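Worksheet: one structure, shown below.
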Amino acid sequence: MIQHLPKIQHKDSDQFFLISGPCAIEGEDMAMEIAEAIVKLSDKYKIPYIFKGSFKKANRSRIDSFTGIGDEKALKIIQKVGETFNIPTTTDIHSESDAALASQYVDVLQIPAFLVRQTDLLIAAAKTGKVVTLKKGQFMAPESMSFAVQKILDSNNQKVAIIERGTTFGYQDLVVDFRGLQTMGQFAPVILDVTHSLQQPNQTSGITGGDPDKIETLAKAGIAVGASGIFIETHPNPAVAKSDGANMLPLEKLDDLLGKLTKIRKTINEF
Numbered sequence: 000m001i002q003h004l005p006k007i008q009h010k011d012s013d014q015f016f017l018i019s020g021p022c023a024i025e026g027e028d029m030a031m032e033i034a035e036a037i038v039k040l041s042d043k044y045k046i047p048y049i050f051k052g053s054f055k056k057a058n059r060s061r062i063d064s065f066t067g068i069g070d071e072k073a074l075k076i077i078q079k080v081g082e083t084f085n086i087p088t089t090t091d092i093h094s095e096s097d098a099a100l101a102s103q104y105v106d107v108l109q110i111p112a113f114l115v116r117q118t119d120l121l122i123a124a125a126k127t128g129k130v131v132t133l134k135k136g137q138f139m140a141p142e143s144m145s146f147a148v149q150k151i152l153d154s155n156n157q158k159v160a161i162i163e164r165g166t167t168f169g170y171q172d173l174v175v176d177f178r179g180l181q182t183m184g185q186f187a188p189v190i191l192d193v194t195h196s197l198q199q200p201n202q203t204s205g206i207t208g209g210d211p212d213k214i215e216t217l218a219k220a221g222i223a224v225g226a227s228g229i230f231i232e233t234h235p236n237p238a239v240a241k242s243d244g245a246n247m248l249p250l251e252k253l254d255d256l257l258g259k260l261t262k263i264r265k266t267i268n269e270f
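Counting from 0, one number per residue, gives the positions in the sequence shown under numbering that gives the first Met the number 0.
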């Protein structure tokens, strides 16, 4: 996937690539602070980096949940991040009109897990010519993602990857089946979304919980089994984040984690 992104850093790196940023764009200062910090780390560890931020949050548990600061305002911030640091950017879309709008500002369009079977949405994303990442539905078997990938390919777009984010286990938990990364890798490059895989959805409060203490464990396992990329949402202070703070990694902890992950990938590459 990364070979299709002209602004990707460290093209010749043998490392995994990183998709990282805040869950949602809360403002320009916050987005620039996070991007600047991660760019420095990507240079330090020679990791190709894609900045991620949602320009709006359409899938919320409660009507009073934060949904965004305004679509075009948020997209322009994401665009500014990409131009300032010369890095590719990504955001998630929820409708065909979102595909047309967001493609003007970002390099990669992400299809949310709950929408990955929506044919018209996938076709609209593919026809923008952008790279398309498909989040595996929590309700889907890894083998089923071959059909989602094929919809992109059949729309004359070869630039597609899959994001694993766990499978629903009971009502309030997600589990990553690492066998699935190998299975889905037959269809497209696979990215492990570490932080969303540790969500605890359907809480009685209407606010999604999480288990961020296991971020390092899950990320290490993903690299060990050969994930092409790692997806980590991060924030300077997750406790005050306006979306998904319960499962985000504090920005200050990213350096140590990436250092460990790059050592694992280097070891794997020697075999």
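We treat Cβ as the ideally placed atom computed from N, Cα and C, and that holds for glycine.
All of these numbers come straight from a predicted model, not from anything done at the bench.
Judged by DSSP secondary structure, Lys-134 falls within the beta strand (DSSP E) whose first and last residues are 130-134.
Residue burial annotation: Val-239 is exposed, with fewer than 16 other C-beta atoms found within 10 angstroms of its C-beta. Tyr-48: member of the beta strand (DSSP E) spanning 48-51, first to last residue.
Going by DSSP, Val-107 is part of the beta strand (DSSP E) stretching over 107-110.
Under DSSP, the beta-bridge partners assigned to Leu-248 are Thr-233. Annotation for Asp-97: the continuous alpha helix (DSSP H) segment containing it runs 95-101.
Counting only the Cα atoms, Pro-188 lies some 22 angstroms from His-93.
Distance from the CA atom of Thr-261 to the CA atom of Ser-227, rounded to whole angstroms, is 12 angstroms. DSSP places Glu-27 within a helical segment (H, G or I) once states are collapsed to three.
Under the three-pair Cβ rule at 8 angstroms, the segment 64-82 counts as touching the segment 45-54. Listed in chain order, the non-local C-beta contacts of Ile-231 below 6 angstroms within the same chain comprise Ser-19, Val-193, Thr-194 and Leu-248, local neighbours out to five positions each way being set aside. Taking C-beta atoms under 8 angstroms as the contact rule, Ile-37 and Tyr-48 qualify, at a distance of about 6 angstroms. When only Cα atoms are considered, Asn-156 and Lys-126 end up about 7 angstroms apart. The criterion of a C-beta distance shorter than 8 angstroms is satisfied by His-3 and Val-130. About 14 angstroms separates the beta carbons of Val-105 and Thr-83, which is beyond the 8 angstroms limit, so they are not a contact pair. When the alpha-carbon of Leu-74 is set against those of Ile-62, Ala-99 and Arg-61, the nearest one is in Ala-99. Within the segment 165-214, the runs of beta strand (DSSP E) that reach at least 3 residues and sit entirely inside it are, in chain order, 189-192. Per DSSP, the beta-bridge partners of Gly-20 are Glu-232.
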